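In this note's numbering, the protein residues as written are 1460 to 1606.
Note that beta-carbon positions come from the ideal geometry of N, C-alpha and C, so glycine has one too.
If you're wondering where the values come from, they're calculated on a predicted model, not measured in any experiment.
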């Protein structure tokens, strides 16, 4: 099995805009990053990429008082190096992060789902995520964070 390719843009924000919808996309797989990023940017969502759970935790907590840490939703892959999606979610929640987190994974069974919700995720999405479902989830949490 080949190791996942990492997008050289990891840790970089898309060009800023006046839109309210902002997503932190956390995935170690380059192809998945590209696909989800394209779907989201075509829907006028600002996307910030990170390549593993630890990088996501660091971004949220190191930039806590800046606009760069204000996301409507974190889309978090489950299986990643350094820190997996459940552990990253658990760290975010234990550190007081209250924003929406969706675990995104190809592993859809009861135990995985239960572990994700026990860690503190708000949504559980199974790859491949249908475009309408992905955008509905983003809109749901963008509307909630605007209130």
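CB-CB under 6 Å to residue i, same chain, minus the five flanking residues each way: which ones, in chain order?
i            : result
residue 1567 : 1585
residue 1531 : 1480, 1481, 1600, 1601 and 1604
residue 1473 : Confidence in residue 1473 is poor, its pLDDT being 43 and thus under 50, which makes the residue's placement too unreliable to answer from.
Residues in the same chain with beta-carbon distance under 8 Å from residue i, minus the five sequence neighbours each way, listed in chain order, please.
i            : result
residue 1576 : 1583
residue 1478 : Residue confidence for residue 1478 is low, a pLDDT of 44 falling below 50, so the modelled location carries little weight; the figure read from the coordinates is stated next. The answer, listed in chain order, is 1503, 1504 and 1505.
Residue i: buried (16+ other C-beta within 10 angstroms of its C-beta) or exposed?
i            : result
residue 1476 : Any reading at residue 1476 must be qualified, since the residue scores a pLDDT of 43, below 50, and its modelled position is unreliable; the value itself is stated next. Burial call: exposed.
residue 1554 : exposed
residue 1521 : exposed
residue 1550 : buried
residue 1570 : exposed
residue 1518 : buried
residue 1508 : buried
residue 1557 : exposed
Just reading off the alpha helix (DSSP H) that residue i is part of, what are its end residues?
i            : result
residue 1497 : 1489-1501
residue 1581 : Residue 1581 -> no alpha helix (DSSP H), and no H or E assigned at all.
residue 1592 : 1590-1605
residue 1517 : 1512-1521
Tell me which same chain residues have a C-beta within less than 7 Å of the C-beta of residue i, skipping the five on either side of it?
i            : result
residue 1574 : 1545
residue 1588 : 1563
residue 1415 : There is no way to answer for residue 1415, as the model of the chain reaches only from 1460 to 1606.
residue 1580 : 1548, 1560, 1561 and 1562
So the beta strand (DSSP E) residue i belongs to, where does it begin and stop?
i            : result
residue 1552 : Per DSSP, residue 1552 belongs to no beta strand (DSSP E); it is in the alpha helix (DSSP H), 1544-1553.
residue 1559 : 1559-1564
residue 1505 : 1505-1509
residue 1576 : Taken as a continuous stretch (DSSP letters only), residue 1576 belongs to no beta strand (DSSP E), being part of the alpha helix (DSSP H) at 1569-1578.
I'd like to know if residue i contacts chain C, where contact means its C-beta is closer than 8 Å to some C-beta of that chain.
i            : result
residue 1514 : Judged by its chain identifiers, the structure shown contains no chain C, having just a single protein chain.
When DSSP labels each residue in this structure, what does residue i get in the three-state scheme?
i            : result
residue 1483 : strand
residue 1537 : coil
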